[in-house]
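Trainee: Each residue of the sequence shown is one higher than the one before, counting from 215 in my numbering. No residue lacks a Cβ here, since even glycine has one placed at the ideal position from N, Cα and C. All figures in this text were calculated on a predicted structure; none of them were measured in a lab. Below are the structure tokens for one structure; questions will follow.
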Amino acid sequence: MHGKPPGRRLLGFGLALPRRDRGRDPQVGQPMVPLGPCLSAAAETARLSQTRGGTAMGWRSGFAAATAFVVVLAAAVASHAQGAAQSAAAPNGEALFNTRCKACHDPAQGRAPARNALAVLPPGQIVEVLTSGVMAPMAAGLSADEKQAIATYLTAAPAAGPDAHPAPVAAASRRGPALPANVGVDPLCQTAPPPIRESGSDWGSVGLDAGSRRFQPHPGLTKAEVPRLKLKWAFSMPGGAMPTVMGDWLFTTNRNGKFYALDAKAGCVRWVTEGVGSRTTPMIVKTPISPSGWATFVGERNRTVRAFDAQTGKEIWRSAPLEANPVAGITGTPVVSGGQLFVPMSSGEEGAAMQASYPCCSFRGSLSGLDLKTGQVQWKTYVIAEPLHPTTKTPAGVQLQGPAGAAIWSAPTVDAKRGLVYVATGDSYTDAPTKGDDAIVALEMATGKIRWSHQVTERDNFVMGCNEAQRRANCPTPVGPDYDFGASPILFRLPSGKEVLLSGQKSGTVYGMDPASGRLIWSAKVGSGSALGGIEWGMAADDKRLYVANADLVLLFDEALKAQGKGPLEGEPAGPARPGLSALDPATGKLLWTTPAPEAACHYAGDQSRSPVPGLCIRAQSAAPSVIPGVVFSGTLDGWFRAYDAATGQILWASSTTAQTYDTLNQVKAQPGGSIDGLGAAVANGMVYVMSGFNGASRTGGNGVNVLLAYSVDGR
């Protein structure tokens, strides 16, 4: 789930590729509705695989998310791998796409990404994925020319029709004005960069503190000033991740493979490093391993971690791949504590299993502890303790296996006092029993040994495309609800001095556990829940309250479909949808207030998402909230960004990021905004930063090119 976070998770798609091996790899993404796969006859005999991404949910990353990159690339790969097989000498990408892929991707069916979602990717990135990334096993046997032909067609060929994909410079929107170019001109700062210095108002990691509370106690602006927030600058970011801020430096990655360091106040570029295959939120740490004394760390889609000097962007070290399974990937932000770096592993095997010939399933979520100085692995622990073993064979003779699943979509949470690190896991992929999925797991920081594991949903066995109309032999029986944990656990200290570990699930349920033992203290339901949340990408907590954003996205889709005389989506729970923001008492789970997500106008310019109700404003509240004293910031999929009174839930300020277009600092004209999803806002030194557009994993309102928006009081 960044994911089943940004997210949450990069979910599935129906792809057809020639392959001799199976595999795939994730990126920030978000979960998608389990609709049946749309596969050509040729695809039915080919094997496929995918990854997830996000943050988070993915898509759940994660949406996550995430999450989203993998889906797109996977589709790219799939569509292309098929095409290359037809013409080795001079492959005709269009003909191959039409024969093998168009039925699923143009227009997009189910969870398959639309062809236009692939056009914003650089051709080199698609080639990389085909050669050494998630799609390498699927592209086995393809020549370099064939891989290049795939990338060239997907990113450059104009297309007609409702899902036409954009040209490389300007993109035609199917529901709005022309989209901007997917790359701009980096506005370099004209003065030498100052040394990085802590300010006391920094946001240096995705969760801000070790407890993942997302609480900024020294924001540099007051509750009284929040209604005066105005846009100061905008920066076009293809698939950009949530930024982090240290002093007057801002750091972010994007889907074009660029890792940026910006002037946090002015938005100009201090350095940019290319070829960084990451959409995880970079963590900034003061450490002697870097010549400047500051280092930043990102997890890449190829299952490696890279460390950079935060002052210069020069690489310090690069780890070996942390997982051999080709469906794996890093969607949750790696987290530093002391001399260790903790790296979670997620996957897209739920999507790979859409192929009836896929030997589902073998991926297992894991956490690795790395030496901060060298990147060497100190330990690695799989959260599924039960051994992998053969289970049954399909009528076609495909050997199935398990248990599998339990992807870790989100960043770990560190408890230095107890010497523990906590992770939240996703669903199971098979019928083989396991206690490791849909669980909160505590591991010893020094050894990786599992101290305790608390599973909250049993037999949540889920892979994509397993609806009643198209049930494959490798589908679990019964198919579970897909109730991953896509959000990082929050370690909260009560006024009594006791601590409680808080977690939110896509079921719409929040849990309070004893951090020492995993014992359940309380649970509370804030939403109806669905495969897309419920609670998707995160929660936040100040010193008094826990703030929970709830999406109920599938139920909102159902409501819209019913209004059109269609639906509901098969296999999803009944409503009512309850999107909104709620505050709970962390000690008891008691509901203190709830503010439903308002129905408000939006304009999805160039909507490239996979919504079953395209173009319709959807008010799901799945992005992680962020908190400053007295104020909670939270965004919705209809592109609205709001500030709430932390004590009452009253809306203090609201800005529609889709009501206008933006002339960005990197010279993109008329850049549209879109959905707000994934890991939400960062607040530092009087500035509020949020990504609009959520390119890649968003189930609705994704415009193909994110825009990073920077707000300040009166726009100063």
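Find the nearest neighbour of P939 within the set G552, R493 and S582, judged by alpha-carbon distance.
Mentor: The structure shown does not extend to residue 939, since the chain spans only 215 to 930, so no value can be given for it.
Trainee: Would you kindly check if the distance between the Cβ of T627 and the Cβ of G418 is under 9 Å?
Mentor: Here residue 418 refers to the residue found at position 204 when the sequence shown is read from its first residue. Here residue 627 refers to the residue found at position 413 when the sequence shown is read from its first residue. No, they are not a contact pair.
Trainee: To the nearest angstrom, report how far apart K804 and K587 are at their CA atoms.
Mentor: As a first step, residue 804 must be located in the sequence shown, where it is residue number 590. As a first step, residue 587 must be located in the sequence shown, where it is residue number 373. If you take the alpha carbons of K804 and K587, they lie about 44 Å apart.
Trainee: To the nearest angstrom, how far is it from the Cα of R469 to the Cα of A566?
Mentor: Looking up residue 469 in the sequence shown gives position 255. Looking up residue 566 in the sequence shown gives position 352. Cα-Cα distance, rounded: 22 Å.
Trainee: Rounded to the nearest angstrom, what separates A646 and A618 at their Cα positions?
Mentor: By one-based count along the sequence shown, residue 646 stands at place 432. By one-based count along the sequence shown, residue 618 stands at place 404. Each residue's alpha carbon lies about 8 Å from the other.
Trainee: If you check the beta carbons only, do R515 and S533 fall under 9 Å apart?
Mentor: By one-based count along the sequence shown, residue 515 stands at place 301. By one-based count along the sequence shown, residue 533 stands at place 319. No, these two residues do not count as a Cβ contact at 9 Å.
Trainee: Roughly how many whole angstroms lie between the Cα atoms of D159 and A620?
Mentor: The structure shown has nothing for residue 159, since the chain only spans 215 to 930.
Trainee: Which residues in the same chain as A448 place their Cβ atom closer than 6 Å to its Cβ, once the five residues preceding and following it in sequence are excluded?
Mentor: The residue given as residue 448 occupies position 234 in the sequence shown. These residues qualify, in order along the chain: Y876, T878, V921 and L923.
Trainee: Taking Q615 as the reference, give the member of S506, P496, T648 and G425 with the closest Cα.
Mentor: Position 401 of the sequence shown holds residue 615. When only C-alpha atoms are compared, the closest one is T648.
Trainee: Could you compute how far the alpha carbon of D757 sits from the alpha carbon of A370?
Mentor: Numbered from 1 along the sequence shown, position 543 holds the residue referred to as residue 757. Numbered from 1 along the sequence shown, position 156 holds the residue referred to as residue 370. Spanning the two alpha carbons is a distance of roughly 51 Å.
Trainee: Roughly how many angstroms lie between the CA atoms of R759 and A797, to the nearest whole one?
Mentor: Here the question's residue 759 lines up with position 545 in the sequence shown. Here the question's residue 797 lines up with position 583 in the sequence shown. The alpha-carbon atoms of R759 and A797 are separated by roughly 6 Å.
Trainee: May I have the straight-line CA-CA distance separating A302 from G562, to the nearest angstrom?
Mentor: Taking the first residue of the sequence shown as 1, we reach residue 302 at position 88. Taking the first residue of the sequence shown as 1, we reach residue 562 at position 348. Note that A302 has pLDDT 45, beneath the 50 cutoff, so the model's placement of it is unreliable and the number below is only indicative. Each residue's alpha carbon lies about 29 Å from the other.
Trainee: Quick one: what does DSSP say R442 is sitting in, helix, strand or coil?
Mentor: To locate residue 442, count along the sequence shown from 1; it is residue 228. Helix.
Trainee: On the DSSP letters alone, give me the boundaries of the alpha helix (DSSP H) that L767 sits inside.
Mentor: Locating residue 767 in the sequence shown gives position 553, counting from the first residue. From DSSP, the alpha helix (DSSP H) with L767 extends over L767 to A777.
Trainee: Going by alpha carbons, who is nearest to G748 out of M727, G732, D728 and S717?
Mentor: Reading the sequence shown from its first residue, position 534 is the one you call residue 748. Closest by alpha carbon: S717.
Trainee: Check for me: the beta strand (DSSP E) holding I842 runs from which residue to which?
Mentor: What you label residue 842 is simply residue 628 of the sequence shown in a count that begins at 1. Residues S840 to I842.
Trainee: Quick one: is P321 buried, meaning 16 or more other Cβ sit within 10 Å of its Cβ, or exposed?
Mentor: Reading the sequence shown from its first residue, position 107 is the one you call residue 321. The pLDDT assigned to P321 is 49, lower than 50, so where the model puts this residue is not dependable; a value taken from the coordinates is nonetheless given after this. Burial call: buried.
Trainee: Is the stretch 768-779 touching the stretch 823-834, taking contact as three or more C-beta pairs under 8 Å?
Mentor: Because the criterion of three Cβ pairs below 8 Å is met, the stretch 768-779 and the stretch 823-834 touch.
Trainee: Under the assumption that G726 contacts P800 (Cβ atoms under 8 Å), give the Cβ distance between them as a whole number of angstroms.
Mentor: In the sequence shown, the residue the question calls residue 726 occupies position 512. In the sequence shown, the residue the question calls residue 800 occupies position 586. Indeed they touch by this definition, with Cβ atoms about 7 Å apart.
Trainee: Can you confirm whether the stretch 662-678 touches the stretch 539-551 when touching is taken to mean that 3 or more C-beta pairs between the two stretches lie within less than 8 Å?
Mentor: They do not touch, by the three-pair rule.
Trainee: Report the three-state DSSP secondary structure of L923 (helix, strand or coil).
Mentor: Within the sequence shown, residue 923 is the residue found at index 709, counting from 1. DSSP places L923 in strand when its eight states are reduced to three.
Trainee: Under 8 Å Cβ to Cβ from P609, same chain only, skipping five residues before and after it: list those, please.
Mentor: As a position in the sequence shown, residue 609 is number 395, starting the count at 1. The residues are A687.
Trainee: Would a C-beta distance cut-off of 9 Å place I948 and T458 closer than the cut-off?
Mentor: Given a span of 215 to 930 for the chain in the structure shown, any question on residue 948 remains unanswerable.
Trainee: Run through DSSP, which three-state label would E713 get?
Mentor: The residue given as residue 713 occupies position 499 in the sequence shown. Of the three classes helix, strand and coil, the one that applies to E713 here is strand, per DSSP.
Trainee: If you drop the 5 nearest sequence neighbours on each side, which residues of the same chain put their C-beta closer than 6 Å to that of Q613?
Mentor: Indexing the sequence shown from 1 puts residue 613 at position 399. Excluding residues within five positions, the ones whose Cβ falls inside 6 Å are P573, P604 and K607.
Trainee: Taking just the CA atoms, how far does D652 sit from M568?
Mentor: Here residue 568 refers to the residue found at position 354 when the sequence shown is read from its first residue. Here residue 652 refers to the residue found at position 438 when the sequence shown is read from its first residue. Each residue's Cα considered, the two are about 21 Å apart.
Trainee: So, A214 versus S624, is the Cβ gap smaller than 9 Å?
Mentor: An answer regarding residue 214 cannot be provided, because it is not within the stretch 215 to 930 covered by the chain.
Trainee: Could you tell me which residues DSSP pairs with E529 in its beta bridges?
Mentor: On the sequence shown, residue 529 is found 315 positions in, with the first residue counted as 1. DSSP output for E529 lists F522 as bridge partner(s).
Trainee: Please name the residue or residues paired with W854 in a DSSP beta bridge.
Mentor: Taking the sequence shown and counting its residues from 1, one reaches residue 854 at position 640. DSSP, once it has assigned bridges, lists S870 as partnering W854.
Trainee: Report the rounded CA-to-CA distance for I340 versus A365, giving the unit in angstroms.
Mentor: Residue 340 sits at position 126 when you count from the first residue of the sequence shown. Residue 365 sits at position 151 when you count from the first residue of the sequence shown. C-alpha separation (whole angstroms): 6 Å.
Trainee: With a Cβ-Cβ cutoff of 9 Å, do G307 and L368 count as a contact?
Mentor: As a working mapping, residue 307 is identified with position 93 in the sequence shown. As a working mapping, residue 368 is identified with position 154 in the sequence shown. Taking 9 Å as the Cβ cut-off, G307 and L368 qualify as a contacting pair.
Trainee: Thinking just about the alpha-carbon of each residue, which of R427, P441 and M460 is nearest to the one in S413?
Mentor: The sequence position of residue 413 within the sequence shown is 199, counting from 1. Of R427, P441 and M460, the residue nearest in Cα terms is M460.
Trainee: Please determine if the stretch 760-768 and the stretch 732-747 are in contact, where contact requires at least 3 C-beta pairs separated by less than 8 Å.
Mentor: As far as the Cβ criterion goes, the stretch 760-768 touches the stretch 732-747, which means the pair count is three or higher.
Trainee: Of the choices G650, A656, G679 and C680, whose alpha-carbon is the least far from that of E672?
Mentor: For the purposes of this step, residue 672 is identified with residue 458 of the sequence shown, where counting begins at 1. Per the Cα distances, G650.
Trainee: Please list, in chain order, all residues of the same chain as V635 whose beta carbon is under 6 Å from its beta carbon, the five residues on each side excluded.
Mentor: On the sequence shown, residue 635 is found 421 positions in, with the first residue counted as 1. Answer for V635: F556, P626, V628, L657 and M659, listed in chain order.
Trainee: Going by DSSP in three states, A566 sits in which element: helix, strand or coil?
Mentor: The sequence position of residue 566 within the sequence shown is 352, counting from 1. Reduced to three states, the DSSP call for A566 is helix.
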